[in-house]
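Notes for the one structure printed next.
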Amino acid sequence: KEEFKQPIERHALQFLKHLTAAQPPEALFGEDKKASTIPSDTWTEDSIRLCLPLYLSLMPSNHHLIQPLATIYTAVNGDIKRVILRVLEIPVRGMGMNSPELLKLVENCPKGAETLITRIIHILTEQAPPSPALVEKVRDLYHKRVSDVRFLIPVLTGLDKKEIISALPKLIKLTQPVVKEVFNRLLGLNTSSETSHASPILPFELLIALHQISSEECELKTVMNAATLCLNERAIYTHDVLAIVIQQLVDINPIPVLFMRTVLQALSFYPKMVGFVMNILQRLITKQAWKQARIWEGFIKCCQKTRPHSFPLLLQLPPPQLKHVFQTAPELRDGLIRHIRSMSMAQRSLIPSSMLTVIEDNSENVAPEIRIQTIPTTTSSMEQ
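Under full-length UniProt numbering, the letters of the sequence shown match residues 1 to 384, in that order.
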């Protein structure tokens, strides 16, 4: 009844305010304080919970009560804060994300209530996509008052692609479980069909965006770890998706530093991509990949991993670069010589002498049975 509403609210608020006291007041334990099994000289989880049930039960039907709760939250110690965060779920779900009072609280976010607001937003978006109104309030809060990127995580799927890409460098610096949650939301993982919400960024776009994060924005190792988290989602990053990613990355100038690492990982996941990868290595020769140290290093590793498929590609390198390949990976020389020996005389004759000089430059260290025989240059010798 309306006549009881205000007295009950006042009583509930009085109990809530007890939490700001240095120790539990006698009113919590009734007359028989000594018979209570709950310690009365210090706050425990049990004594904290005594102050909360009535107030929390009123919140779903009296949304304005969320405001005093936030005020009290800013004034209590860490142990009490943690208990409040644990018992919020039912009343907050009862209020819903379209509650004007909840939206007002998110918009104003009292100083010291940041973790409370974050918990509320997480609860609201666990079983439903964020509403446009909630996204707008969180976005404004992030840009104007509280620059903690964790505020954005529950509403990521409500942001546009540019906003997500802009926030990525900060997001991937968070702890690995949190980064995993970010990717789960963006990739639509761990959500049912009822609660899923189309992500504004596609899986291939997310991985490409990670590759384009600069070293000024984020340490390379952090980006590597984030990219690996994505790549490990094999159901999402299939052969076809990775082919799109690699094809687009190779066209970027300069080529992203982690490009060859991703190529090698894709190859280890999907060995049948070797033909596609050979085409990519061909592109790298055209783009003079040796001018980028990291890319060139990865190119050589890829040639090692994909031999004998890579031997024809090695013959397309300029002599100085081929020499460097042999200096870095000496075992490729023997393999390449065997490959040349398996070629027809006509095919061998197409290899420039400058290349043969590089290939046989260290011939004294090449097993005699695989050395390249001198290529005949006259018609008569060819016929013989």
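Don't be surprised by glycine CBs; every beta carbon is placed ideally from N, CA and C.
Pairwise C-alpha distance: residue j and residue i
| i | j | result |
| --- | --- | --- |
| residue 379 | residue 314 | Any answer about residue 379 is weak, because its pLDDT of 37 lies below 50 and its placement is not dependable; what the coordinates show is given next. Looking at the two C-alpha atoms, the distance is approximately 28 Å. |
| residue 354 | residue 279 | 25 Å |
| residue 147 | residue 302 | 42 Å |
| residue 347 | residue 265 | 33 Å |
| residue 119 | residue 281 | 48 Å |
| residue 174 | residue 71 | 28 Å |
| residue 320 | residue 257 | 23 Å |
| residue 250 | residue 337 | 30 Å |
| residue 377 | residue 323 | For residue 377, the predicted structure reports a pLDDT of 38, less than 50, and the residue's modelled location is therefore unreliable. A value from the coordinates is still provided. Going from the Cα of residue 377 to the Cα of residue 323 covers about 25 Å. |
| residue 98 | residue 137 | 11 Å |
| residue 132 | residue 312 | 56 Å |
| residue 112 | residue 77 | 11 Å |
| residue 295 | residue 287 | 11 Å |
| residue 26 | residue 176 | 45 Å |
| residue 106 | residue 80 | 21 Å |
| residue 382 | residue 333 | Its pLDDT being 34, under 50, residue 382 is placed unreliably by the model, and the measurement read from it follows with that caveat. Roughly 26 Å separates the two Cα atoms. |
| residue 110 | residue 298 | 51 Å |
| residue 366 | residue 352 | Only weak support is given to the placement of residue 366: the predicted model assigns it a pLDDT of 45, under 50, and the question is left unresolved by the model. |
| residue 219 | residue 290 | 23 Å |
| residue 18 | residue 102 | 23 Å |
| residue 24 | residue 47 | 7 Å |
| residue 168 | residue 82 | 28 Å |
| residue 300 | residue 361 | 19 Å |
| residue 161 | residue 114 | 25 Å |
Residue span of the alpha helix (DSSP H) that contains residue i, given as start and end
| i | result |
| --- | --- |
| residue 270 | Element bounds for residue 270: n/a, residue is neither H nor E. |
| residue 64 | Premise fails: residue 64 is in no alpha helix (DSSP H) and is neither H nor E. |
| residue 95 | 89–95 |
| residue 18 | Residue 18 -> no alpha helix (DSSP H), and no H or E assigned at all. |
| residue 331 | 331–341 |
| residue 108 | 100–108 |
| residue 52 | Segment: none, residue 52 is in no alpha helix (DSSP H) and carries neither H nor E. |
| residue 346 | 345–348 |
| residue 353 | 353–359 |
| residue 207 | 203–211 |
| residue 447 | Past the edges of the chain, shown from 1 to 384, lies residue 447, and the structure says nothing about it. |
CB contact flag (residue i, residue j, <9 Å)
| i | j | result |
| --- | --- | --- |
| residue 246 | residue 228 | no |
| residue 253 | residue 172 | no |
| residue 200 | residue 164 | yes |
| residue 143 | residue 100 | no |
| residue 15 | residue 65 | no |
| residue 154 | residue 124 | yes |
| residue 317 | residue 273 | no |
| residue 326 | residue 358 | yes |
| residue 53 | residue 95 | no |
Selection from the options that minimises the alpha carbon distance to residue i
| i | options | result |
| --- | --- | --- |
| residue 198 | 125, 158 and 337 | 158 |
| residue 231 | 255, 269 and 87 | 269 |
| residue 58 | 77, 47 and 7 | 7 |
| residue 68 | 115, 56, 339 and 142 | 56 |
| residue 116 | 96, 87 and 131 | 87 |
| residue 204 | 277, 140 and 240 | 240 |
| residue 185 | 208, 344 and 152 | 152 |
| residue 210 | 5, 183 and 134 | 183 |
| residue 235 | 300, 11 and 187 | 187 |
| residue 233 | 271, 208, 189 and 350 | 189 |
| residue 305 | 121, 149 and 267 | 267 |
| residue 126 | 93, 145, 310 and 104 | 93 |
| residue 179 | 161, 162, 141 and 149 | 149 |
| residue 89 | 328, 21 and 122 | 122 |
| residue 335 | 310, 328 and 349 | 310 |
>> Runs of 4 residues minimum, wholly inside the region 217–301: which ones carry the alpha helix (DSSP H) assignment?
In response: If one requires a minimum length of 4 residues, the alpha helix (DSSP H) runs lying completely within the region 217–301 are 220–231, 239–249, 259–269 and 274–286, in chain order.
>> Ignoring anything shorter than 4 residues, give me the alpha helix (DSSP H) runs that lie fully in the region 111–189, in order along the chain.
In response: Fully enclosed alpha helix (DSSP H) runs of 4 or longer: 114–125, 132–144, 161–171 and 176–187.
>> Quick check for students: name the residue ranges of the alpha helix (DSSP H) that lie wholly in the region 298–324, counting only runs of 4 or more.
In response: Segments of the alpha helix (DSSP H) lying fully in the region 298–324: 311–314.
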